[in-house]
Amino acid sequence: MTTAIATTHPSQSWLLLVLRLRTFVALILVLAYFSVMAPNFLTAANAVIVSKHVALNAFLAIGMTFVIITGGIDLSVGSIVGLCAMVAGWLVLNGVDTGLGWTVWFNTWEIVGITLLVGIAVGFINGLLITRLNVAPFIATLGTLYIARGAALLSSDGRTFPNLGGTEEFGTASFPFIGSGSVLGLPVMIWLLVGVALGAHYVSRRTPLGRHIYAVGGNERGAALSGVKVDRVKLFVYMFSGFCAGLVGIIIASQLQAAHPATGETFELNAIAAAVLGGTSMSGGRGRIFGTIIGAFVIGILGDGLIMMGVSSFWQTVIKGVVIVLAVVIDQAQSRLQARVALAQEAAASR
Numbered sequence: 062m063t064t065a066i067a068t069t070h071p072s073q074s075w076l077l078l079v080l081r082l083r084t085f086v087a088l089i090l091v092l093a094y095f096s097v098m099a100p101n102f103l104t105a106a107n108a109v110i111v112s113k114h115v116a117l118n119a120f121l122a123i124g125m126t127f128v129i130i131t132g133g134i135d136l137s138v139g140s141i142v143g144l145c146a147m148v149a150g151w152l153v154l155n156g157v158d159t160g161l162g163w164t165v166w167f168n169t170w171e172i173v174g175i176t177l178l179v180g181i182a183v184g185f186i187n188g189l190l191i192t193r194l195n196v197a198p199f200i201a202t203l204g205t206l207y208i209a210r211g212a213a214l215l216s217s218d219g220r221t222f223p224n225l226g227g228t229e230e231f232g233t234a235s236f237p238f239i240g241s242g243s244v245l246g247l248p249v250m251i252w253l254l255v256g257v258a259l260g261a262h263y264v265s266r267r268t269p270l271g272r273h274i275y276a277v278g279g280n281e282r283g284a285a286l287s288g289v290k291v292d293r294v295k296l297f298v299y300m301f302s303g304f305c306a307g308l309v310g311i312i313i314a315s316q317l318q319a320a321h322p323a324t325g326e327t328f329e330l331n332a333i334a335a336a337v338l339g340g341t342s343m344s345g346g347r348g349r350i351f352g353t354i355i356g357a358f359v360i361g362i363l364g365d366g367l368i369m370m371g372v373s374s375f376w377q378t379v380i381k382g383v384v385i386v387l388a389v390v391i392d393q394a395q396s397r398l399q400a401r402v403a404l405a406q407e408a409a410a411s412r
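In our numbering, the protein residues as written are 62 to 412.
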């Protein structure tokens, strides 16, 4: 099969290979550029800082990848980050007032569990709106974007929850460790990212659920006729996206030891950019977790490199927008080229 493609369309075959490896090419180019233009860019200290920034976007991008593969979109992840950060901050500072004259306090890991459940719950609501009420994913998640952000603002009347260092008395002294601690010389959030990425990769490539996710994105009606529980698959991907957003909210609140309701604003744009740049097709049915991770590195390195060069934040926004548009254009070009190569393949096989 490969021989037929290479013999019939050698230039197209090479171009298709380059398009498939575009994320690696982009990563090498931005690393080379900033290593020259910003001499301190490749230092060990800066590498740790960049990896932390990349990790936050990568968590969201992994969840977004599953959503986009099914043909959907999740605009609410940034607001879920803010809401979950506020939930974690509230529980650390105030506990839960029972109204009976006493307060329930939770330890760090209970707070983590409750906060993640909040993120999953918002994702579940997104899934219900899309599967049960047939609301378009763009509209459904746009609505929950505003609802979650409003809930975050209402939780503190727009104020910050400060001093989230926790206390030994209530078992929350370890809360800052999640965002600022290190294990074997690497930040905890990097270990968490490795775990989430490996788990997501395993699900996408080694389980029936993963095959169903791709099937729904490739041909939803065909998947349904073949026995795939389409609604359950969609519920899962939006709940998983909410889980990833909740994890980011916890990490940010822990890292800053403070929670602000505006946390996570525009995070969804970087997540979409990382997923698309990593090869996830906006039309659904195609995408890889490791490609998304590399896309997150490209976006993170691009952002931090521009800051080190003193580029205006306004121009940074413009450049990120250009990157998103180019990523989608290249993805469409790849899809058209793959279709032409497939036709050439069939023609060669029928001779």
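Here a beta-carbon is modelled for each residue, glycine too, at the ideal position from N, C-alpha and C.
Integer-rounded CB distance, given that residue j should sit under 8 Å from residue i
| i | j | result |
| --- | --- | --- |
| Q377 | G364 | 6 Å |
| S302 | F127 | 7 Å |
| M21 | G260 | With the chain covering 62 to 412 only, the question about residue 21 has no answer from this structure. |
| I391 | V142 | Incorrect: roughly 28 Å between the Cβ atoms, too far for contact. |
| M300 | G184 | 4 Å |
| I311 | V173 | 6 Å |
| T202 | L296 | In fact, because the Cβ distance is near 14 Å, the residues do not count as touching under 8 Å. |
| G242 | T233 | Contact doesn't hold; Cβ gap of about 14 Å is too wide. |
| G180 | F328 | The Cβ separation is near 13 Å, so there is no contact. |
| G366 | A119 | So it is not a contact: roughly 17 Å between Cβ atoms. |
| L340 | T84 | What sits at residue 340 in the sequence shown is Gly, not Leu. Rounded, the Cβ-Cβ distance is 6 Å, consistent with contact. |
| A116 | L254 | 5 Å |
Per-residue DSSP class, three states only, for residue i
| i | result |
| --- | --- |
| D135 | coil |
| A320 | strand |
| V196 | coil |
| S243 | strand |
| V372 | coil |
| P237 | helix |
| I251 | helix |
| Q395 | helix |
| T341 | coil |
| T126 | helix |
| A405 | helix |
| T84 | helix |
| F222 | strand |
| G307 | helix |
| T104 | coil |
| V289 | coil |
| C268 | Per the sequence shown, residue 268 should be read as Thr rather than Cys. T268: coil per DSSP, three-state reduction. |
| T353 | helix |
| T164 | strand |
| A67 | Low confidence applies to A67: its pLDDT is 44, below 50, so where it sits in the model is not reliable, and the reading given next is rough at best. Three-state result, A67: helix. |
Beta-carbon proximity of residue i to residue j, cut-off 9 Å
| i | j | result |
| --- | --- | --- |
| L338 | V359 | yes |
| I4 | S342 | The structure shown does not extend to residue 4, since the chain is modelled only from 62 to 412, so the question has no answer here. |
| L152 | R210 | no |
| G132 | G346 | yes |
| A332 | K381 | no |
| L225 | A149 | yes |
| A122 | A357 | yes |
| V138 | A258 | no |
| S315 | S396 | no |
| A212 | A146 | no |
| F95 | M369 | yes |
| W166 | F231 | yes |
| S140 | L206 | yes |
| N187 | D135 | yes |
| S413 | R349 | Look at the range of the chain in this structure, 62 to 412, and you will see that residue 413 is not part of it. |
| H262 | F351 | yes |
| A336 | M125 | yes |
| G156 | T169 | no |
| P248 | V109 | yes |
Subject >> Cβ contact check for the segment 316 to 327 and the segment 217 to 234: 3 or more pairs under 8 Å >> reply: Because the criterion of three Cβ pairs below 8 Å is met, the segment 316 to 327 and the segment 217 to 234 touch.
Original post:
Given 8 Å as the limit, is there contact between the segment 287 to 294 and the segment 260 to 277, that is, 3 or more CB pairs closer than that?
Top reply: yes
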